[in-house]
Structures are given as C-alpha cells and as structure tokens.
C-alpha cells in the first residue's frame, strides 16, 4: 500500500492565541498530503485532469479526531494513504504524529467525478479506472 509522509514544524500562523493549532489547518494538511500521494503514484493533478479527463476528486465527507493539541514549534509527521476503494469513491486516511504518538487522525471520502451537463452541479461520480487503483497498491 502506497503511503506518503510529510514532516512539518508548526508555525505561529497555524495557531490560535494560545499557540494551539487551529483545527482547519489539519484539514489543509490532509488535503495537501492527498495531493502528494497522487503525485507519488505518478498521478499528479495535471495528469488526472489531462489524461483521465476528470473534473476533480472532491471530498464528500470528512471527519477528524484530535487526541492531543499541537503547538508552536512542534515537529509533526503527516501520513496519508488510501484505505479502500469502491466503484466511484475512495477513502483517504490520515494520521498525524508527534514524537511517534498519534495526536490526530482524519479521513476523507472522495469521489472520482467527471463533467456531466445533465447532472445538478454539472458533475457526476464515475467509475475509478482499475489502472488508477493499482498505482496505490
């Protein structure tokens, strides 16, 4: 299973006045790591949009659990992988650790979407090609 890990140091801009990371930043880190994961699989977004003619991989549902606070100057490891695939969607999992201890976990249910002018919103979920799924094994 392909996983991507990214290290980051918490900056003051990531935090509230108590120097604790604001929760929306976790979701930004999750999203950036998802993009890194696709790049590491050889599927940068320029390839997805160009070769596979998709209109995106939007988040349908996102959840997170925060076990411990992260603070200014903490060194964090953000790890991301695809946990499972269905026909049109996939579950992306995230884990953030500090000194080997899990401090936050998240998951995003994402859809493989294409343009569809007959659908409300102009997009519809489409089957994820098997060759795409195989790149993450």
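Residue numbers (the numbering used here): 1 to 137.
By construction, the Cβ of each residue, glycine as well, lies at the ideal position given by its N, Cα and C atoms.
Check your understanding: When DSSP labels each residue in this structure, what does residue 117 get in the three-state scheme?
Key -> The residue labelled residue 117 in the question sits at position 117 within the chain shown. In this structure, residue 117 counts as coil in the three-state DSSP scheme.
Exercise for review: Tell me whether residue 90 is buried or exposed, calling it buried when 16 or more other Cβ atoms sit within 10 Å of its Cβ.
Suggested key: Sequence index remark: in the chain shown, residue 90 carries index 90 (1-based). Residue 90 comes out buried.
Check your understanding: Distance, Cα to Cα, residue 119 vs residue 131?
Key -> Stepping through the chain shown from its first residue, residue 119 is reached at position 119. Stepping through the chain shown from its first residue, residue 131 is reached at position 131. When rounded, the separation of the alpha-carbon atoms in residue 119 and residue 131 is 26 Å.
Check your understanding: Of all the beta strand (DSSP E) runs that stay within the bounds of the stretch 45-127, which reach a length of 3 or more residues?
Key -> Counting whole runs of 3 or more residues, the stretch 45-127 contains the beta strand (DSSP E) stretches 59-66, 75-85, 89-98, 101-111, 113-115 and 123-125.
Check your understanding: Between residue 58 and residue 126, is the Cβ-Cβ spacing less than 8 Å?
Key -> On the chain shown, position 58 is the one that residue 58 refers to. On the chain shown, position 126 is the one that residue 126 refers to. Against a cut-off of 8 Å, the Cβ pair of residue 126 and residue 58 comes out as no contact.
Exercise for review: Report yes if the CB atom of residue 54 is closer than 8 Å to the CB atom of residue 109, and no otherwise.
Suggested key: Residue numbering aside, residue 54 sits at position 54 when the chain shown is read from its first letter. Residue numbering aside, residue 109 sits at position 109 when the chain shown is read from its first letter. Contact check for residue 54 against residue 109 fails: the beta carbons are separated by 8 Å or more.
Practice item. Please go through the same chain and pick out, in chain order, the residues whose beta-carbon is closer than 6 Å to the beta-carbon of residue 114, but skip the five residues on each side of it. Key: Working through the chain shown from its first residue, we reach residue 114 at position 114. Only 54, 55 and 126 meet the Cβ criterion.
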